[in-house]
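What follows is a set of notes on a single structure, which appears directly below.
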Amino acid sequence: MTENHEEQKKLYKTFKSNLLAEEVYNNEALDLRRDENILKVELNRVNVDLMKKERSETYQKRLKMLLENFDKSKAEVDRITKKELFQFVFKEILIKNKKIIKITFYQPFAQYWKELKCNLTQVVTEASQKPYILLPTAVK
Numbered sequence: 006m007t008e009n010h011e012e013q014k015k016l017y018k019t020f021k022s023n024l025l026a027e028e029v030y031n032n033e034a035l036d037l038r039r040d041e042n043i044l045k046v047e048l049n050r051v052n053v054d055l056m057k058k059e060r061s062e063t064y065q066k067r068l069k070m071l072l073e074n075f076d077k078s079k080a081e082v083d084r085i086t087k088k089e090l091f092q093f094v095f096k097e098i099l100i101k102n103k104k105i106i107k108i109t110f111y112q113p114f115a116q117y118w119k120e121l122k123c124n125l126t127q128v129v130t131e132a133s134q135k136p137y138i139l140l141p142t143a144v145k
């Protein structure tokens, strides 16, 4: 990307010195800008891939920590633990008019969902039965 910018600067200086015709400058500049845009797209793709990898590693660490600290002897799971468990199962839940429109799971839960061949209309949620307010958790 830096090389591309240097090339554009050199081309502009050459054009400003009247050593290059305007038509030639426009063609060369267009090619360099096209290359720059391709590089930007590639850089963005690499950044997105890196973010996905970091999220995946963070997800694995958080899951391991939750499972290590999970008390199997509890008869009922507290609200914070439930929320953490849901965050590991559900990647995304879209709700419209108190009905679930779309659910996206993390693996391996997505595979289990496909195997069950469930339909969203079969899912009964508390949200559709009564109003529910999500309260922020106090993490210390």
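For any residue, its number in this note's numbering is found by taking its place in the sequence shown, counting from 1, and adding 5.
All C-beta atoms in this analysis are idealised placements derived from N, C-alpha and C, irrespective of residue type, glycine included.
Remember, predicted model here, so these are calculated numbers, not experimental data.
Would the beta-carbon of Leu16 fall within 7 Å of that of Glu33? yes
Note the first and the last residue of the continuous beta strand (DSSP E) segment covering Lys104. 104-110
Can you tell me whether DSSP reads Leu44 as helix, strand or coil? Three-state result, Leu44: helix.
Contact between the region 93-102 and the region 111-119 is defined here as three or more beta-carbon pairs at a separation below 8 Å; is this criterion met? yes
Mapping DSSP to helix, strand and coil, what is Thr126? Caution applies to Thr126, whose pLDDT of 49 falls short of 50 and renders its modelled position unreliable; the value that the coordinates give is listed next. Thr126: helix per DSSP, three-state reduction.
If we ignore side chains and look at the alpha-carbon of each, how far apart do Val53 and Arg38 end up? Approximately 22 Å, taken between the alpha carbons.
By Cβ distance below 7 Å, which residues in the same chain neighbour Asn9 in space, the five residues on each side in sequence not counted? Excluding sequence neighbours, Asn9 sits near Leu37, Asp40, Glu41, Leu44.
Cβ-based burial, Glu47 [other Cβ within 10 Å; buried from 16]: exposed
C-beta contact flag for Glu89 and Leu72 at 7 Å: Result no, Cβ atoms of Glu89 and Leu72 do not sit closer than 7 Å.
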